[in-house]
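Peer 1: Below is the structure I would like to discuss, written out as structure tokens.
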Amino acid sequence: MKVEIECFSCIIHRGYSEIVEATIDPSLRFKAASALLEYMAKEFKPNAVAAVLGTMRDRIIKRISNNFDVYAEKKRASNEAALKLLPSVKNEIDKEISLEKKFKKACLVAIVGNNIEFDIPGHEANLESLERLIINAERDLAVNEISEIYEEARKAEKILFLTDNAGEIVFDKLLVGEMKQLGAKVTVVVKGGPILNDATSEDAKAVSMYEIADAVITTGTDAIGLPLLEELSEEFRIAYDEADFVVAKGMGYAETLTEIKIKQPHAFLLRSKCNPVARHFGVMRGKNVAKLLRP
């Protein structure tokens, strides 16, 4: 998924937000801003991928500010807010009788969790609104291929589940659990280092994902999505190649996995939080997407 001109505003806006959070030193703020603008002047081109630009932006800011987890407090708050809702949401899923209906509800909740993302222009990650969004999840479902996704999960032996954000990973536990009920072994993937508010191993431990998944591994890198394939760990490469089915949460994975030739079915579960991604999936902004992509 290539950048659009609108991506420029988002990348710079998020860079500004991160810089002022990363350091209070005016000289370092100006140094980081200048370095970011210099990078964008060279690399913001029509064939660029937003996730690659965003990854390099964050690395510039982290290196100059020496603050390597700008969103640490927001991630902690997101996990806590989602964990408070977890029992009631799980109870609603458990009320369903059939495995397919349980799967569908868990899928919808996992998509709503993707709303938890900060500093996207025009998007508000209001943790207090999660319960309302869950109630309206099916109404907001603009691309509904959950039945097809269910069938792929039902016949898969090995599923690779690519998580996105902290907080969101709490709701992912419910979908991982339903996939295991279908008989699959599920390997959950988090980021190899802090990037935006994406979930890392620390978040997986904080929300007890290790107790649900068959394995929890990292991508081996602090990149958004999978933009820099040469950085991926051997452990991740093996798990990705051996998976029968891949579930990819969030816009970063959608932006990057659509740039490569996939070898197995991929399910994209996300909230269309920006116009370029919304247009790619043919939906309005602020809608839920459950899209199955086959090789």
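Numbering (this note's numbering), first residue to last: 885 to 1179.
Ideal Cβ placement from N, Cα and C applies to all residues, glycine included.
#1: Return the bridge partner residues of Asn1081 from the DSSP annotation.
#2: How would you label Arg898, buried or exposed, when you count the other beta carbons within 10 angstroms and need 16 or more for buried?
#3: State whether the region 1034 to 1053 contacts the region 952 to 966, with contact taken as three or more CB pairs (one from each stretch) at a distance under 8 Å.
#4: To the nearest angstrom, how far is the alpha carbon of Tyr1137 from that of Ile1108?
#5: Report, in whole angstroms, the separation of the C-beta atoms of Leu912 and Val973, which I expect to be a contact under 8 Å.
#6: Look at Lys986 and Glu1041 and say whether their C-beta atoms are less than 8 Å apart.
#7: Identify which residue in Asp1048, Ala906, Leu1080 and Pro1078 has its Cα closest to the Cα of Val1072.
#8: Measuring alpha carbon to alpha carbon, tell me which residue in Ser918, Ala935 and Ala906 is nearest Pro1160.
#9: Within 10 angstroms of the Cβ of Gly1006, are there 16 or more other Cβ atoms? Answer buried if so, exposed if not.
#10: Of all the options Ile945, Leu921, Ser893 and Phe928, which has the alpha carbon lying nearest to the alpha carbon of Asp909?
#11: Please list the segments of the alpha helix (DSSP H) lying wholly inside the region 1005 to 1067, counting only runs of 4 or more residues, in order along the chain.
#12: Between which two residues does the beta strand (DSSP E) containing Arg1155 stretch?
#13: Which one or two residues does DSSP pair with Ile1101 in a beta bridge?
#14: Any chance you could list the alpha helix (DSSP H) runs of at least 4 consecutive residues sitting entirely within the region 903 to 984, in chain order?
#15: Sort out for me which residues DSSP pairs Ala1132 with in a bridge.
#16: Does the beta-carbon distance from Thr1084 to Pro1111 come in below 8 Å?
#17: When the Cβ atoms of the region 948 to 959 are set against those of the region 923 to 937, are three or more pairs found closer than 8 Å?
#18: With 16 as the cutoff for other CB atoms within 10 Å, does Lys929 come out buried or exposed?
#19: Kindly indicate which residue of Ala917, Leu983 and Lys1075 has the alpha-carbon position closest to the one of Glu1115.
#20: At the level of alpha carbons, what is the spacing between Thr939 and Glu1036?
#21: Please determine, among Asn931, Ile1122 and Asn998, the residue with the shortest C-alpha to C-alpha distance to Asp1082.
#22: By alpha-carbon positions, which one of Leu1177, Val1167, Glu1126 and Ala994 ends up nearest to Lys1133?
#23: Might you give, ordered along the chain, the residues of its own chain that have their beta carbon closer than 6 Å to the beta carbon of Arg1038, omitting 5 neighbours on each side?
Peer 2: This is what the structure gives:
#1: DSSP output for Asn1081 lists no bridge partner at all.
#2: Arg898 comes out buried.
#3: They touch, by the three-pair rule.
#4: Straight-line Cα distance between these residues: approximately 7 Å.
#5: Leu912 to Val973, Cβ: 42 Å. No contact.
#6: No; because the gap between Cβ atoms is not below 8 Å, this pair is not in contact.
#7: Considering only Asp1048, Ala906, Leu1080 and Pro1078, the residue with the shortest C-alpha distance to Val1072 is Asp1048.
#8: Distances from the CA of Pro1160 to each of Ser918, Ala935 and Ala906 were compared; the closest alpha carbon is that of Ala935.
#9: Burial call: exposed.
#10: Ranking Ile945, Leu921, Ser893 and Phe928 by Cα distance to Asp909 puts Ile945 first.
#11: Those alpha helix (DSSP H) runs which fall completely within the region 1005 to 1067 and span 4+ residues are 1014 to 1019, 1030 to 1039 and 1052 to 1065.
#12: That run of the beta strand (DSSP E) goes His1150 to Arg1155.
#13: Looking at the DSSP assignment, Ile1101 forms a beta bridge with Val1073.
#14: Within the region 903 to 984, complete alpha helix (DSSP H) segments of at least 4 residues are found at 910 to 927, 934 to 949 and 956 to 978, given in chain order.
#15: Bridge partners of Ala1132: Leu1046 and Phe1152.
#16: Between Thr1084 and Pro1111, the CB-CB gap reaches or exceeds 8 Å.
#17: Too few Cβ pairs lie closer than 8 Å, so no.
#18: By the 10 Å Cβ count, Lys929 comes out exposed.
#19: Looking from the CA of Glu1115, the closest CA among Ala917, Leu983 and Lys1075 belongs to Lys1075.
#20: Using only the alpha carbons, I get a separation of about 31 Å.
#21: The residue with the shortest Cα to Cα distance from Asp1082 is Asn998.
#22: Closest in alpha carbon position to Lys1133, among Leu1177, Val1167, Glu1126 and Ala994, is Ala994.
#23: Leu1066.
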